[in-house]
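A quick write-up on the structure given underneath.
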């Protein structure tokens, strides 16, 4: 089964959405992953009409909405692990709202990274942070079922935070929730900080993985740094991964068109 390639919408900055979608389609992608802050500073004011319009733009470009990522980035008053019960309840409610947004756009997965809104606070132990995160996410499960959306827990390296630093920890949290609407997200940049080779992490966690980000520790796209993608794509092939391979970059200095076209070309060329 051939891979399905997507790219994250913040890559395009303030480029008109129609132009960004056209470039993405022309480069060979079929999926569009959405950071909520690219839609509105306040999702509660992003109306049903706004959502239909955005969904229509994707459809006209023959692009499929993968879902959402950067769920809590550029927000205030939300936190996954805090001891403050009111903040945890607000975070649950907001994630439920995002599940509705995701479904309204035609997406199926929400990548939960956002390290600044989940890092341990107030001298917490990892166990306490895990329990608090599980409480927040448990309250979101009914909305996930209702809207047909899954949450993909994203481990991030210690350079970005102190919670969910490994794929093993991501699986631990998912197992605490024990629901098929919550799984694991793997990201090449993040896996580069693990003690095991990236392809080993993929193979060990294939049963839990529901989404995948392709990038490099140098913050550029796949194949634009030192990480070889041939073993990564072989591992994804061997475990019969059938989800999206979504390009997420953080350094836009090469220019949008170079990032868009070179990333997918490098992914395709790395497949034997």
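Residue numbers (the UniProt record's numbering): 1 to 272.
Just so you know, even glycine gets a beta-carbon here, dropped at the ideal spot from N, CA and C.
Contact test: residue i Cβ vs the ligand FAD heavy atom, cutoff 8 Å
i, result
"residue 257", "For the structure depicted, the ligand FAD is absent and the ligand set is empty, with no information on it obtainable."
Residues near residue i by beta carbon distance below 6 Å, same chain, minus five either side
i, result
"residue 144", "99 and 181"
"residue 245", "3, 5, 212 and 214"
"residue 74", "37"
"residue 305", "This structure cannot speak to residue 305, because the chain is shown only from 1 to 272."
"residue 87", "79"
From the options, residue whose alpha carbon lies closest to that of residue i
i, options, result
"residue 150", "162, 185, 128 and 168", "185"
"residue 90", "241, 132 and 175", "132"
"residue 172", "142, 129 and 189", "129"
"residue 123", "23, 83, 116 and 77", "83"
Beta-carbon contacts of residue i that lie in its chain and below 7 Å, excluding the five residues immediately before and after
i, result
"residue 235", "199, 202 and 203"
"residue 162", "119 and 120"
"residue 40", "46"
Status (buried if at least 16 other CB within 10 Å, exposed otherwise) for residue i
i, result
"residue 187", "buried"
"residue 195", "exposed"
"residue 9", "buried"
"residue 108", "buried"
"residue 85", "exposed"
"residue 13", "exposed"
"residue 189", "buried"
Close-in-space but distant-in-sequence residues of the same chain around residue i (CB under 8 Å, 5 per side omitted)
i, result
"residue 48", "104"
Complete runs of the alpha helix (DSSP H) confined to the segment 222-254 [at least 4 residues]: Look at the segment 222-254 and you find these whole runs of alpha helix (DSSP H), each 4 residues long or longer: 230-238.
Give the list of continuous beta strand (DSSP E) stretches no shorter than 3 residues that lie fully inside the segment 123-178. Under the rule that a run must span 3 or more residues, the beta strand (DSSP E) segments found entirely inside the segment 123-178 read 150-153.
Between the segment 9-25 and the segment 53-64, are three or more C-beta pairs nearer than 8 Å? With the rule of 3 Cβ pairs closer than 8 Å, the segment 9-25 counts as touching the segment 53-64.
Would you call the segment 76-96 and the segment 128-140 in contact, with 3 or more CB pairs under 8 Å? Yes, the segment 76-96 touches the segment 128-140.
Between the segment 23-43 and the segment 60-74, can you find at least three pairs of beta-carbon atoms closer than 8 Å? Yes, they touch.
Report the start-end ranges of each beta strand (DSSP E) in the segment 74-120 that is 3 residues or longer and not cut off at the edges. Taking 3 residues as the shortest admissible run, the segment 74-120 contains the following complete beta strand (DSSP E) segments, listed from N- to C-terminal end: 109-112.
In chain order, which continuous runs of the beta strand (DSSP E) of length 3 or greater are located wholly inside the segment 195-221? Secondary structure in the segment 195-221: the beta strand (DSSP E) runs of 3 residues or longer, each lying completely within the stretch, are 209-214 in chain order.
My parser needs the alpha helix (DSSP H) runs of 4 or more residues fully inside the segment 44-71; what are they? Runs found: 48-60.
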